[in-house]
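Worksheet: one structure, shown below.
2 protein chains.
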Amino acid sequence: MNEKFYQLPEEKQLRILNAGFRVFSKNSYRKSPMNEIAGEAGISKSLLFFYFRNKKELYLFLMKKAEELTSQTLRASGCYGETDLFEMMYQGLLAKTDMMRKYPDMSAFALRAYYEEDEEVRDDLRRIIAPYTKLSTNKTLPKLDPSLFKEGIDLNMMYQDIFLASEGYMYHMQQGGRIDVDKVVSDYRKLIDFWKSLYLK
Amino acid sequence: MNEKFYQLPEEKQLRILNAGFRVFSKNSYRKSPMNEIAGEAGISKSLLFFYFRNKKELYLFLMKKAEELTSQTLRASGCYGETDLFEMMYQGLLAKTDMMRKYPDMSAFALRAYYEEDEEVRDDLRRIIAPYTKLSTNKTLPKLDPSLFKEGIDLNMMYQDIFLASEGYMYHMQQGGRIDVDKVVSDYRKLIDFWKSLYLK
DNA sequence: ATAGTATTAACCGATTCGGTCAACGGAGGT
DNA sequence: ACCTCCGTTGACCGAATCGGTTAATACTAT
């Protein structure tokens, strides 16, 4: 892509990025026209083609950006340093919501790109996603200190419970256009506290 | 639509329905071509236009079919007659999985149609969805007998927990192509039993 | 004015779209 | 063998859309 893109005022860069995320997240790669992205970003199609040589380049650029932003945000959130399982999940969701404020459609875009099958981009796509693919084994619970939890609790089931509910939250957030992010966060915090009182000694 | 459609062997009807659900669920109404649906169903585009006068008619027919099938299946599942909250949710998920076996992409289609904004179908769509819209207040908990549950449990939070986790399950099921429906059901059953041991006296 | 840069309208050839229509093929009936 | 009916299709149409190019415009600093 054209280096000039980075010299743009940040607000304009953001508009273009988000327009790309938005359009590509709603339809497949092939069914997402460049002029629609340009229109959403408030620029002309020609200018979009000036910054990105072709559609494929823009698409892959967006994917790289998404991967880079998520891993960076997640690392900076401190959720990996958390020892308390519940606080760790809370920090994780906090990080995600922060990103959703700045890039509302990025996660939807990434999710869709993950399953994109179009031969024009498939291979290069897999190459970008590859490292992230193995990491998605987070359905299995991390190591926990059983002495912290009430007796008789099936920790495996507990983790499934809170993991699925958290995913249900994320699902809610992405569904149906705009939502009150702050309310979601505070609701989730309440749920976390509920779980703590339920499971912790 | 053409009455001849109903005279088709059921297997062929099913193929056409599912092809429509599939294609319309992956892209917006405008970006879902008729020839793609025909190809997916294994018939020619001409024949598809023989059964359905135009794209709009097919789309609305599918929506009506989806609404009709879900409400009917849900009613027949007996989940409304259940008094036990947990068993009620289990029956509800059972009904949904049964439908997913026969119409794998119907719920994804219905979900997407719910937010479809294309002016060509928007108004007629709303008219079909309207009754179902008010009903979606199931985020608030039904009436429960507190004496059945352990003391000190915040029933409101408990319901949010299991409701969200259930949605997380449904989310899992729809995501990422084909999955083992039977495994999902048995996993969910385990989770239900876990909740019972956790919350019930 | 000038030079350089950011931005666009207009255009191009190729493809796709919704929809039509004449024709094909097979299964009786005569 | 011929006819007829009917499910089905390939070929076609005009319009729209697509990715991408280019020549010209608007803007800005000198």
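Protein chains in written order, with our numbering: chain X, 1 to 201; chain U, 1001 to 1201.
We put the beta carbon where it would ideally sit given N, CA and C, even for glycine.
- Which term fits Lys26 (chain X), buried or exposed, when burial requires 16 or more other beta carbons within 10 angstroms of its beta carbon? The residue you call residue 26 (chain X) lines up with position 26 of the first sequence. Around the beta carbon of Lys26 (chain X), 16 or more other beta carbons sit within 10 angstroms, so the residue counts as buried.
- Query: Is any beta-carbon of chain U found at less than 8 Å from that of Gly168 (chain X)?
  - Reply: Taking the first residue of the first sequence as position 1, residue 168 (chain X) is located at position 168. Using a CB distance cut-off of 8 Å, Gly168 (chain X) counts as an interface residue toward chain U.
- Query: I think Leu148 (chain X) touches Lys65 (chain X), with their Cβ atoms under 8 Å apart; what is that distance to the nearest whole Å?
  - Reply: Here residue 148 (chain X) is taken as the residue at index 148 of the first sequence, counted from 1. Here residue 65 (chain X) is taken as the residue at index 65 of the first sequence, counted from 1. Beta-carbon to beta-carbon, Leu148 (chain X) and Lys65 (chain X) are separated by about 39 Å, too far to satisfy the 8 Å threshold.
- How about Asp180 (chain X): is its C-beta nearer than 8 Å to some C-beta of chain U? The residue given as residue 180 (chain X) occupies position 180 in the first sequence. Chain U contact via Cβ: absent.
- Query: For Phe1149 (chain U), does the three-state DSSP call read helix, strand or coil?
  - Reply: Start at 1 with the first residue of the second sequence, and residue 1149 (chain U) comes out as number 149. DSSP places Phe1149 (chain U) in strand when its eight states are reduced to three.
- Do three or more CB pairs link the region 1061-1076 of chain U to the region 1084-1099 of chain U at distances below 8 Å? Yes: the two stretches touch, three or more of their Cβ pairs being nearer than 8 Å.
- Looking at C-alpha atoms only, which residue of U:Arg1053, U:Gly1092, U:Ser1032, U:Leu1058 is the closest neighbour of Ile1016 (chain U)? Sequence index remark: in the second sequence, residue 1016 (chain U) carries index 16 (1-based). That would be U:Leu1058, whose Cα lies nearest to the Cα of Ile1016 (chain U).
- Task: Would you mind stating whether Ile1128 (chain U) and Leu1060 (chain U) have Cβ atoms separated by less than 8 Å?
- Result: Locating residue 1128 (chain U) in the second sequence gives position 128, where the first residue counts as 1. Locating residue 1060 (chain U) in the second sequence gives position 60, where the first residue counts as 1. Yes; because the gap between Cβ atoms is below 8 Å, this pair is in contact.
- Alpha carbon of Ser1107 (chain U) to alpha carbon of Glu40 (chain X), nearest angstrom: As a working note, residue 1107 (chain U) is residue 107 in the second sequence. As a working note, residue 40 (chain X) is residue 40 in the first sequence. About 29 Å.
- Under 7 Å by beta carbon: chain U residues contacting Lys96 (chain X): Your numbering for residue 96 (chain X) matches position 96 in the first sequence. Listed along the chain, the chain U residues whose CB falls inside 7 Å of the CB of Lys96 (chain X) amount to none; the nearest CB is some 15 Å away.
- Candidates X:Met34, X:Phe50, X:Pro33: which alpha carbon is nearest Leu8 (chain X)'s? For the purposes of this step, residue 8 (chain X) is identified with residue 8 of the first sequence, where counting begins at 1. Nearest of X:Met34, X:Phe50, X:Pro33 to Leu8 (chain X), Cα basis: X:Phe50.
- For a contact meaning CB atoms closer than 7 Å, what does Asp154 (chain X) contact in chain U? Against the first sequence, residue 154 (chain X) aligns to sequence position 154. Within 7 Å of the CB of Asp154 (chain X), the CB atoms of chain U belong to Phe1194, in sequence order along the chain.
- Alpha-carbon to alpha-carbon, Ala1130 (chain U) and Arg1112 (chain U): The count along the second sequence starts at 1 and reaches residue 1112 (chain U) at position 112. The count along the second sequence starts at 1 and reaches residue 1130 (chain U) at position 130. Answer to the nearest angstrom: the Cα atoms are 15 Å apart.
- Assigned exposure category for Ser32 (chain X) - 16 Cβ within 10 Å defines buried: For the purposes of this step, residue 32 (chain X) is taken as the residue at position 32 of the first sequence. With 16 or more other Cβ atoms within 10 Å, it is buried.
- Query: Among all the DSSP beta bridges, which residues are the ones paired with Leu1014 (chain U)?
  - Reply: The sequence position of residue 1014 (chain U) within the second sequence is 14, counting from 1. Under DSSP, Leu1014 (chain U) shares a beta bridge with no residue.
- Message: So Asp118 (chain X) contacts chain U; which residues on that side make the cut at Cβ distance below 9 Å?
- Response: Along the first sequence, one-based indexing puts residue 118 (chain X) at 118. Within chain U, no residue has its beta carbon less than 9 Å from that of Asp118 (chain X); the closest one is some 12 Å off.
- Let me know the secondary structure DSSP gives Leu200 (chain X) once reduced to three states. Here the question's residue 200 (chain X) lines up with position 200 in the first sequence. Leu200 (chain X) falls in the strand class under three-state DSSP.
- Query: Can you round the beta-carbon distance between Val1181 (chain U) and Arg1101 (chain U) to whole angstroms, since I take them to be within the 8 Å contact cut?
  - Reply: Within the second sequence, residue 1181 (chain U) is the residue found at index 181, counting from 1. Within the second sequence, residue 1101 (chain U) is the residue found at index 101, counting from 1. Cβ atoms of Val1181 (chain U) and Arg1101 (chain U) come within 8 Å of each other, at about 6 Å.
- Query: Relative to the C-alpha of Asn1156 (chain U), which residue among U:Pro1142, U:Tyr1080, U:Ile1192 is closest?
  - Reply: Locating residue 1156 (chain U) in the second sequence gives position 156, where the first residue counts as 1. Comparing Cα positions, the closest option is U:Pro1142.
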